[in-house]
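This report concerns only the one structure given below.
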Amino acid sequence: MQLDDLYRRVIMDHYKTPRNQGELAEGTVGVELSNPTCGDRITLQLRIEDGVVREAKFKGEGCSISMASASMMTDAVKGKTLEQAIGLAERFSGLMKGEAVEFEEYEDIEALSGVNKFPARIKCATLAWNALRKGVESQP
Amino acid sequence: MSALSPAELKPLFPILQQDVNGHPLVYLDSAATSQKPRQVIEAVQRYYERDNANVHRGVHTLGTRATDAYEGAREKVARFINARSASEIVFTRGATTSINTVAASYARAVCKPGDEIVISPIEHHANLIPWQQAAKATGATLKHLPMNDDGSFDLAGAAATITPNTKMVAVTHLSNVLGAVTPVEEIIALAHKHGAKVLLDGAQSAPHLKIDVQKLDCDFFAFSGHKMCGPTGIGALYGKRELLEAMEPVEFGGEMIDYVDLFDATWKEIPWRFEAGTPIIAGAVGLGAAIDFLTEVGMENIEAHDRQLAAYAWERLSAMDGVSVYGPASGRTSLVTFNLEDVHPHDVATVLDAEGVAVRAGHHCCQPLMRWLKVSATARASFYLYNDESDVDRLIASLQRAKEYFGHAIG
């Protein structure tokens, strides 16, 4: 069990200085999700126009893994069509299952691959991505 | 065994003889579930290998043996908490089912709009949600006892909260987050002054304190077997005979009936009328073996040991820079809840786990209490008779490394 597999520098960087933290003035889609077994909580806001995620912001409380994951996800999803956003979430599921998935220009996300060796922490990493799915799936 | 010696006790627990992530396991999560000594594991195995049959029906030899084992375990539980008789002991799945039984049967029958059900803001969900539901179903008002800032009970405030309208008071006997023993004698006296009945949630106290339900004069006492060296899935509800006799069953079916007609039926006597279906026979046998084990060690010894260990951990954790410790400093036993500054408890628990130290991190099924403490979650180290000071020392050493690790990582 190598802790450094889990707590990579890039993860701690996102935890320390989260991107896209806060609230959207005009968030068209708001999702609140919590992990009832541990109390982690996230509120995700997405501004979706013409089937494209224009902006994404989150607020929440949780461990380094859950907050870093939310920071990375909100970065990656901006400018994506709803279909692409779901595709990202699918790829993230794959990453959590230990598949070798690449995130191209969002390679920070790949740093979370170590989480699959810590099964108890997978739920932390997927919280923000589940909020994304819920937000996108709520769209007509 | 005259005095408790963890050095002698640890080897009796097979699960503790292993390395986890390359380090000898230090198990500090007994408040979630305790480990099982060899004699409990063997009692369950022996039951299945030798005596297994259904109870209260077969006239054959195994049926008699199984019935004797099951009812024998009930006698042991009654003696363990000093009930007047075994008929006051209902076997359940655990403390949660025990509390639900009282809330669904007794409380729903006696409460009406304008009545009050009084609990406290430090209850775990098992002693909160059944009362929320009972209050909603009956129109009774749910009230919470006031607390002092350190999480101790405000008895002057309790005297004002419990009124002649109070029908039911349900409080934890020992908090699974704060580690504090509730001043139950005072609360029970206040409740009885107004004719209210009291349920004590003994999920945490039964493993660590010597329980005497007659001396406490509580009306109901709920606890689980798995937190006191017994198997999961078995627990008990103690109720004063006259209260249990006045209660309607919550579950219906085989085993709990007396005479059955096509359109109506009558119930068995207590406690069997509350045990519909095939009961948890092997679980009861295992709980009986756990009670034998605890009695052999001596509940007084266990109580002294767990208090001493919690005090030692409290002292060491409080002395650490950047560590916050929750709950009252005195009157505590069995566990310490804490947080490492700027590090989420999940992250703390993961680092400790990497060194073989198992602690709980999260809200401990106490979401309202977490909000009251103004934290989202905490870490908790909980102790039992197989732990010793060296386990606390391992916790402190690993916590020190967690602090350094995140100090560099977050820095």
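Going down the list, the sequences are from chains A and B.
For reference, each letter of the first sequence is one residue, going 183 to 322 in the working numbering.
For reference, each letter of the second sequence is one residue, going -14 to 396 in the working numbering.
Ideal Cβ placement from N, Cα and C applies to all residues, glycine included.
Near residue i, what residues of its chain come up, given a Cβ to Cβ distance below 7 Å and the 5 sequence neighbours on each side ignored?
| i | result |
| --- | --- |
| residue 314 of chain A | 226, 255, 259, 267 and 271 |
| residue 213 of chain B | 19, 191, 192, 275 and 279 |
| residue 301 of chain B | 377 and 381 |
| residue 101 of chain B | 125, 126, 128, 148, 150, 151 and 152 |
| residue 181 of chain B | 147, 151, 152, 153 and 154 |
| residue 190 of chain A | 293 and 296 |
Using 8 Å for Cβ pairs, my map puts residue i next to residue j. What's the rounded Cβ distance?
| i | j | result |
| --- | --- | --- |
| residue 156 of chain B | residue 365 of chain B | The Cβ separation is near 20 Å, so there is no contact. |
| residue 185 of chain B | residue 175 of chain B | Contact doesn't hold; Cβ gap of about 14 Å is too wide. |
| residue 246 of chain B | residue 224 of chain B | The Cβ separation is near 28 Å, so there is no contact. |
| residue 69 of chain B | residue 226 of chain B | 7 Å |
Taking Cβ to Cβ, would you say residue i is nearer than 7 Å to residue j?
| i | j | result |
| --- | --- | --- |
| residue 240 of chain B | residue 262 of chain B | yes |
| residue 41 of chain B | residue 49 of chain B | no |
| residue 106 of chain B | residue 84 of chain B | no |
| residue 183 of chain B | residue 67 of chain B | no |
| residue 224 of chain A | residue 309 of chain A | yes |
| residue 15 of chain B | residue 297 of chain B | no |
| residue 288 of chain A | residue 250 of chain A | no |
| residue 387 of chain B | residue 333 of chain B | yes |
| residue 214 of chain A | residue 361 of chain B | no |
| residue 200 of chain A | residue 248 of chain A | no |
| residue 3 of chain B | residue 13 of chain B | no |
| residue 122 of chain B | residue 209 of chain B | no |
| residue 74 of chain B | residue 64 of chain B | no |
| residue 321 of chain B | residue 299 of chain B | yes |
| residue 56 of chain B | residue 194 of chain B | no |
| residue 245 of chain A | residue 347 of chain B | no |
| residue -5 of chain B | residue 371 of chain B | yes |
| residue 291 of chain B | residue 319 of chain B | yes |
| residue 138 of chain B | residue 168 of chain B | yes |
| residue 299 of chain A | residue 222 of chain A | no |
| residue 285 of chain B | residue 307 of chain B | no |
How should residue i be labelled, buried or exposed, when 16 other C-beta atoms within 10 angstroms of its C-beta is the threshold for buried?
| i | result |
| --- | --- |
| residue 250 of chain B | exposed |
| residue 261 of chain A | exposed |
| residue 108 of chain B | buried |
| residue 258 of chain B | buried |
| residue 274 of chain A | buried |
| residue 340 of chain B | buried |
| residue -2 of chain B | buried |
| residue -14 of chain B | In this prediction, residue -14 of chain B scores a pLDDT of 44, lower than 50, which makes its location untrustworthy; the coordinate-derived value is nonetheless stated afterwards. Flag for residue -14 of chain B reads exposed. |
| residue 112 of chain B | buried |
| residue 133 of chain B | exposed |
| residue 244 of chain B | exposed |
| residue 307 of chain A | buried |
| residue 237 of chain B | exposed |
| residue 30 of chain B | exposed |
| residue 304 of chain B | exposed |
| residue 82 of chain B | buried |
| residue 47 of chain B | exposed |
Looking only at its own chain, which residues have a Cβ that is under 8 Å from the Cβ of residue i, when we skip the five neighbours before and after it?
| i | result |
| --- | --- |
| residue 264 of chain A | 230, 233, 234, 235, 318 and 321 |
| residue 54 of chain B | 32, 36, 266, 269, 270 and 273 |
| residue 239 of chain A | 202, 203, 204, 205, 206, 209, 226, 227 and 256 |
| residue 78 of chain B | 218, 219, 220 and 265 |
| residue 110 of chain B | 350, 351 and 352 |
| residue 290 of chain A | 192, 196, 254 and 257 |
| residue 104 of chain B | 112, 113, 116, 127, 128, 129, 130, 154, 155 and 156 |
| residue 336 of chain B | 383, 386, 387, 390 and 391 |
By Cβ distance below 6 Å, which residues in the same chain neighbour residue i in space, the five residues on each side in sequence not counted?
| i | result |
| --- | --- |
| residue 166 of chain B | 159 and 316 |
| residue 90 of chain B | 232, 233 and 235 |
| residue 196 of chain B | 66 |
| residue 229 of chain B | 255 |
| residue 92 of chain B | 119 and 153 |
| residue 276 of chain A | 283 |
| residue 373 of chain B | -9 |
| residue 305 of chain A | 217 |
| residue 8 of chain B | 340 and 341 |
| residue 303 of chain A | 247 and 297 |
Against chain B: residues of the segment 295 to 306 of chain A by CB proximity under 7 Å: 300, 303 and 306
Chain A contacts made by the segment 256 to 273 of chain B, where a contact means CB separation under 7 Å: none
Interface residues of the segment 233 to 260 of chain A facing chain B [CB-CB below 7 Å]: 243, 244, 245 and 246
Interface positions of the segment 200 to 225 of chain A facing chain B (Cβ-Cβ less than 8 Å), listed along the chain: 219, 220, 221, 222 and 223
Chain A contacts made by the segment 346 to 357 of chain B, where a contact means CB separation under 8 Å: 346, 347, 348, 352 and 355
Contact set between the segment 184 to 195 of chain A and chain B, restricted to residues whose Cβ is under 7 Å from the partner: 185, 188, 189 and 194
Contact list for the segment 172 to 189 of chain B against chain A, Cβ threshold 7 Å: none
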